[in-house]
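See below for the structure under consideration.
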Amino acid sequence: MLADYHVHTPYCGHAKGKIIQYIESAIQFGFQEIGFADHLGRYYLSQTQKKRYWDWGMNERDIFRYISELSDLKEIYADQIAIKTGLEIDYIEGAEELLLRILDQVSLDFSICSIHCLPRFSWEHLSDYKGKNTIPVYKEYFHQARSAVKSGLFSSLGHLDYIWRYIAFPEEKHDELVDEINNTINAALQNQTCLEVNANGYLWSRANKNNRYNLFEIFLELISKNHAPITIGSDAHDPSMVGKSFPNLIKMLYKNNISSMYCFSEGKAQLQQIG
Ligand SMILES: [Zn+2]
Ligand SMILES: [Zn+2]
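Note that my numbering numbers the sequence shown so that position 95 is 99, with each residue one more than the last.
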């Protein structure tokens, strides 16, 4: 089975192309499933905050259009590829009720939770973090990630590697970071939430080989050691990026004895052989 379970659409306002181009691209690659997981808007911000901060998600009123468009395409492409409807949702501790109000109104195949901002530090995107003291930020990031999987609201924890792509961690504290990753993988396992293996994280690790530690490799080793469940996603914001570097990524998964992943239908997880 080849499936890409993290694909964006123009609904979020910062992804290129048309939805059908993403689908065509997945078909061309020989994928059997494509899972759209576009950004839900920033449901946790007040009206005033919404004016002040960038919303990387779709407009609230577009969510139903997004879902109905995907449901039409599911039928149109039924004999070529299975299209799955998902969302990439910012997890914000304490805003679960607000999220549930939205989730109650939509029917999804799967959902990804991602930590893109840490309100204790800033409402800005993590990539804009300017502070020098990175350890408390890391601690908070992994705390939020564990809290997200414990909420039981999500199918998969998105790109856990996100933080080290943007904020460097002091190398002398390496062991502490490995513990944080390991504890988060265990929390996901205990709460039956998948860990997402994100192709952008893989590519970042290839491009930043000078680092003494390959954190992406460590992440995969720990997934393997704990027998934790995974999903795989490209995080494509451009049709040409669907399934990007999957052949190499899959080789790396196999090298780590990871040979199965989860796919989803109406919230139900199905274990599938990768490749
Ligand atoms: Zn994301
Ligand atoms: Zn994404």
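All C-beta atoms in this analysis are idealised placements derived from N, C-alpha and C, irrespective of residue type, glycine included.
Note down the Cα distance separating residue i from residue j, rounded to an integer number of angstroms.
i, j, result
"Met-265", "Ala-240", "19 Å"
"Val-153", "Thr-197", "6 Å"
"Ser-160", "Tyr-70", "20 Å"
"Glu-200", "Gly-237", "7 Å"
"Val-141", "Glu-128", "13 Å"
"Asn-230", "Lys-259", "15 Å"
"Leu-253", "Gln-84", "24 Å"
"Gln-36", "Ile-278", "11 Å"
"Val-110", "Pro-123", "26 Å"
"Lys-272", "Ala-82", "19 Å"
"Asp-8", "Leu-102", "28 Å"
"Ser-209", "Asp-183", "19 Å"
Which residues mark the beginning and the end of the beta strand (DSSP E) in which residue i is found?
i, result
"Ser-115", "114-118"
"Lys-272", "272-277"
"Met-265", "264-269"
"His-129", "Run containing His-129: none; DSSP gives neither H nor E here."
"Val-246", "Per DSSP, Val-246 belongs to no beta strand (DSSP E) and is neither H nor E."
"His-10", "7-11"
Cβ-heavy atom distance between residue i and ligand 2 below 7 Å?
i, result
"His-231", "no"
"Asp-66", "no"
"Asp-242", "no"
"His-12", "yes"
"Asp-239", "yes"
Identify, in the order they occur along the chain, each residue of the same chain with its Cβ nearer than 8 Å to the Cβ of residue i, setting aside the five sequence neighbours on each side.
i, result
"Lys-54", "Arg-46"
"Ser-228", "Asn-260, Asn-261 and Ile-262"
Quick check: does the Cβ of residue i come within less than 7 Å of any heavy atom belonging to ligand 1?
i, result
"His-129", "no"
"Glu-92", "yes"
"Gly-162", "yes"
"His-120", "yes"
Using a Cβ-Cβ cutoff of less than 6 Å, which residues in the same chain neighbour residue i once the five nearest sequence positions on both sides are dropped?
i, result
"Pro-233", "Cys-198 and Tyr-266"
"Thr-188", "Phe-146, Ala-149 and Arg-150"
"Trp-60", "His-43"
Give the range of the alpha helix (DSSP H) segment to which residue i is assigned.
i, result
"Tyr-3", "Past the edges of the chain, shown from 5 to 279, lies residue 3, and the structure says nothing about it."
"Tyr-15", "Looking at the DSSP string, Tyr-15 is not in any alpha helix (DSSP H), and its letter there is neither H nor E."
"Phe-250", "250-259"
Quiz item: Where in the segment 190-227 do unbroken runs of the alpha helix (DSSP H), each at least 4 residues long, occur, reported from the N-terminal end onward?
Solution: Fully contained in the segment 190-227 are the following alpha helix (DSSP H) runs of length 4 or more, in chain order: 203-211.
Quiz item: Of all the beta strand (DSSP E) runs that stay within the bounds of the segment 66-123, which reach a length of 3 or more residues?
Solution: Inside the segment 66-123, DSSP marks whole beta strand (DSSP E) runs of 3 or more residues at positions 86-94 and 114-118, from first to last along the chain.
Exercise. Could I get the ranges of all uninterrupted alpha helix (DSSP H) runs contained in the segment 134-164, with 4 residues as the minimum, in chain order?
Key: As far as the segment 134-164 is concerned, its whole alpha helix (DSSP H) runs of at least 4 residues are 138-154.
Self-check item: Length-filtered (4 minimum) alpha helix (DSSP H) runs lying within the segment 32-62
Solution: If only complete runs of 4 or more residues are kept, the segment 32-62 shows the alpha helix (DSSP H) at 51-56, in order along the chain.
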